[in-house]
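The listed protein sequences derive, respectively, from chains B and D. Quick note on numbering: the numbering used here labels position 94 of the first sequence as 171, and the sequence is numbered without any gaps. Quick note on numbering: the numbering used here labels position 99 of the second sequence as 176, and the sequence is numbered without any gaps.
Number of protein chains: 2
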Amino acid sequence: MRLSPRHPRYASLRVRARLAEAHRRGLVVSEGLIAQGRGEAFDYLLGERTSPGARKAERAAAEWLLAARRPVISVNGNVAALAAEEVAALARAVPGLAVEVNLFHRTGERARQVADTLRAAGIRKVLGVHPTATIPHLPSDRAKVDRRGILVADVCLVPLEDGDRAEALRALGKRVISVDLNPLSRTSRAADLPVVDEVRRALREIAQQAERRRRTARPSRFTPFDARATLGDALATIVRALTRAAARSRIAPPRRRASPRRSRGIPGRSRRTP
Amino acid sequence: MRLSPRHPRYASLRVRARLAEAHRRGLVVSEGLIAQGRGEAFDYLLGERTSPGARKAERAAAEWLLAARRPVISVNGNVAALAAEEVAALARAVPGLAVEVNLFHRTGERARQVADTLRAAGIRKVLGVHPTATIPHLPSDRAKVDRRGILVADVCLVPLEDGDRAEALRALGKRVISVDLNPLSRTSRAADLPVVDEVRRALREIAQQAERRRRTARPSRFTPFDARATLGDALATIVRALTRAAARSRIAPPRRRASPRRSRGIPGRSRRTP
Numbered sequence: 078m079r080l081s082p083r084h085p086r087y088a089s090l091r092v093r094a095r096l097a098e099a100h101r102r103g104l105v106v107s108e109g110l111i112a113q114g115r116g117e118a119f120d121y122l123l124g125e126r127t128s129p130g131a132r133k134a135e136r137a138a139a140e141w142l143l144a145a146r147r148p149v150i151s152v153n154g155n156v157a158a159l160a161a162e163e164v165a166a167l168a169r170a171v172p173g174l175a176v177e178v179n180l181f182h183r184t185g186e187r188a189r190q191v192a193d194t195l196r197a198a199g200i201r202k203v204l205g206v207h208p209t210a211t212i213p214h215l216p217s218d219r220a221k222v223d224r225r226g227i228l229v230a231d232v233c234l235v236p237l238e239d240g241d242r243a244e245a246l247r248a249l250g251k252r253v254i255s256v257d258l259n260p261l262s263r264t265s266r267a268a269d270l271p272v273v274d275e276v277r278r279a280l281r282e283i284a285q286q287a288e289r290r291r292r293t294a295r296p297s298r299f300t301p302f303d304a305r306a307t308l309g310d311a312l313a314t315i316v317r318a319l320t321r322a323a324a325r326s327r328i329a330p331p332r333r334r335a336s337p338r339r340s341r342g343i344p345g346r347s348r349r350t351p
Numbered sequence: 078m079r080l081s082p083r084h085p086r087y088a089s090l091r092v093r094a095r096l097a098e099a100h101r102r103g104l105v106v107s108e109g110l111i112a113q114g115r116g117e118a119f120d121y122l123l124g125e126r127t128s129p130g131a132r133k134a135e136r137a138a139a140e141w142l143l144a145a146r147r148p149v150i151s152v153n154g155n156v157a158a159l160a161a162e163e164v165a166a167l168a169r170a171v172p173g174l175a176v177e178v179n180l181f182h183r184t185g186e187r188a189r190q191v192a193d194t195l196r197a198a199g200i201r202k203v204l205g206v207h208p209t210a211t212i213p214h215l216p217s218d219r220a221k222v223d224r225r226g227i228l229v230a231d232v233c234l235v236p237l238e239d240g241d242r243a244e245a246l247r248a249l250g251k252r253v254i255s256v257d258l259n260p261l262s263r264t265s266r267a268a269d270l271p272v273v274d275e276v277r278r279a280l281r282e283i284a285q286q287a288e289r290r291r292r293t294a295r296p297s298r299f300t301p302f303d304a305r306a307t308l309g310d311a312l313a314t315i316v317r318a319l320t321r322a323a324a325r326s327r328i329a330p331p332r333r334r335a336s337p338r339r340s341r342g343i344p345g346r347s348r349r350t351p
């Protein structure tokens, strides 16, 4: 289907087309397309832009990655399809950042495809194609990691991660930075530093902040971050957006319960043919 | 992947697996999987159950379908994959209900697959496989309808419909009943009677209500329905769910803005290895 740039949802339709194409090539699985839709719904509720709270979290994420001894970013099929360029920019901005392929639905072929996509974006060293270790408390196929990457990392950036894995990483004592548009997801709630933002916007901002910080003084410690406050902020943004959207659509305001007595029949009835 | 019934999201994972499988057979397109994800997010926010407001809308929908001279239900790939049985139950409950295949991404092969799925569920007559008319104000491939179905219908039940089509049908003076989990979608806002509920729950309830009403007195007129009030109700349900979920997750309440002074550092810090 050809997309018109004048379509009200052009930007999200383009992302959708890109992901559908990655799915045809086998890079993204069916479940990944469904996950994209869930993300879209929350991004829509968040106004499809980076909130001030998310920007603060992204700045903190940049600091943590720079302060880490062994930072790693975990990349799955959706992240590679959507944001390979942004992962490459982050790898340039954070010296020593390991980039590891990490698949929920792992096959050797898909792992190679993710790695190829990352290399095409300019990332030289990609870990995790041939896993060399496992992490505890996970089904075997999802526990596979690289002993030079996630296994030994002190800070793990896990965009679009599933809840079980995020919890397992945290249980290992690692600092977990998530990127997830659902502030109520298990991943967001498990993370030490949850970034509630779209993956490309988030990685771009983290990379820019890291570039900026490196030029001044590289952080040597982990500034405390209030994970609950940032999730509360995101929820507040959604509630405000719902209230505003309701007003714009002239839908009855959400606080007031509709009473049958206030019923005014079907609006626009008069325009109908009899 | 085998699913454990003890997984906290077993029901939605089963639906997901069913749709992914329908996608492999070509019944559901990639865009349909993404749309499913968007729906899932809203269903999650609505508590994955039929709200009292939705039930009221479903009762009204049953009455409108029984009062119609020429009622039709429009069926796309996602509806066929998820709810063929429920469409069949509705066709049994509403005498004269036309069932029409209606695809956003139409190919002859997909139209046949949708029809086959419906016939396998027990529906004898399926319209729209070979479209015989077009409706105005739509791109040609999405305008195709059956001259015995949607073209002449007075009431159109359009589950999981796109906004353009819902608006075009309404502009033709038809009474549009939508089933869509997003109360802010253009489809929900275009509909005369928007049902904000999951498609299988919604069709099941409409069918049951229609069975019940037929046994007493069949409605002879269209009871007015307050579309805005029902959408406002759905928004209120979502806002309440967000507030409750925030409290359950012990996230800072959405109404209060987080202040940097309230920061308590990273929770659970002490459990870490030094």
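Idealized CB from N, CA, C, for every residue including glycine. Note that the structure is a prediction, hence the values are computed from the model and not measured.
Of all residues in the segment 307-319 of chain D, only T307, L308, G309, D310, L312, A313, I315, V316 and L319 come within less than 8 Å of chain B when Cβ atoms are compared, listed by chain position.
Taking the beta carbon of R93(D) as reference, the chain B residues within 7 Å of it are E108 and I111, listed in sequence order.
The Cβ of G114(B) sits closer than 8 Å to at least one Cβ of chain D. Interface with chain B (8 Å Cβ-Cβ cutoff): A279(D) is excluded. Interface criterion met: the Cβ of A118(B) is under 8 Å from a Cβ in chain D. Against chain D, the beta carbon of A322(B) has neighbours under 7 Å at L261, listed in chain order. Take the alpha-carbon of R281(D) and the one of A88(D): they are about 17 Å apart. Taking each of C233(B), A131(B) and A267(B) in turn and checking the Cα distance to G173(B), the smallest one comes out for C233(B). A straight-line Cα-Cα distance of about 43 Å links A322(D) and R201(B).
With a threshold of 8 Å between beta carbons, A160(B) makes no contact with chain D. Along the length of the segment 209-291 of chain D, whole alpha helix (DSSP H) runs at least 4 residues long occupy 240-248 and 263-267, reported in chain order.
Here S128(D) carries a coil assignment [DSSP, helix/strand/coil]. Along the segment 201-227 of chain D, none of the residues has a CB nearer than 7 Å to a CB of chain B.
Judged by DSSP secondary structure, I111(B) falls within the alpha helix (DSSP H) whose first and last residues are S107 to L122. For A97(D), the chain B residues whose Cβ falls inside 7 Å of its Cβ are S107 and E108, in order along the chain.
In the same chain as E177(D), and ignoring 5 residues on each side of it, the C-beta atoms closer than 6 Å to its own belong to V149, S151, L204, G205, D223, G226 and I227, in chain order. The continuous alpha helix (DSSP H) containing I315(B) extends over residues A304 to R325. Between G185(D) and T307(D), the CB-CB gap reaches or exceeds 8 Å. Under the three-pair Cβ rule at 8 Å, the segment 284-291 of chain B does not count as touching the segment 236-249 of chain B. When C-alpha distances from R292(B) are compared across A170(B), V316(B), D239(B) and A198(B), the shortest belongs to A170(B). In this structure, I254(D) lies away from L237(D), with their beta-carbon atoms at least 8 Å apart. Of all C-beta pairs linking the segment 160-168 of chain B to the segment 302-320 of chain B, fewer than three are shorter than 8 Å, placing the two stretches out of contact. According to the DSSP assignment, V206(B) belongs to no alpha helix (DSSP H), since it is labelled neither H nor E. With contacts defined as CB atoms closer than 8 Å, A230(B) and G199(B) fail to qualify as a contacting pair.
With at least 16 other beta carbons inside 10 angstroms of its own, E108(B) counts as buried.
Checking the DSSP bridge columns, you'll see P148(B) partnered with V232(B).
In this chain, A166(B) is not harboured by any beta strand (DSSP E); it is covered by the alpha helix (DSSP H) spanning G154 to A170. Around V272(D), the same chain offers A131, A134, E135, A138, I254, S255, V256 and A279 as residues with beta carbons nearer than 7 Å, after the five sequence neighbours per side are excluded.
DSSP places A88(B) inside the alpha helix (DSSP H), whose first and last residues are Y87 to R101. About 24 Å separates the beta carbons of T314(B) and L167(B), which is beyond the 8 Å limit, so they are not a contact pair. Here the segment 91-101 of chain D makes contact with the segment 102-121 of chain B; the two share three or more CB pairs at distances below 8 Å. Of the other Cβ atoms in all chains shown, 16 or more fall within 10 Å of the Cβ of A112(D); this residue is therefore buried. Setting aside the 5 residues that flank it on each side, L104(B) is surrounded in the same chain by G154, A157, A158, R187, Q190, V191 and T194, each with a C-beta closer than 8 Å to its C-beta; the list follows chain order. Counting along the chain, A175(D) sits inside the beta strand (DSSP E) bounded by residues A175 to V178.
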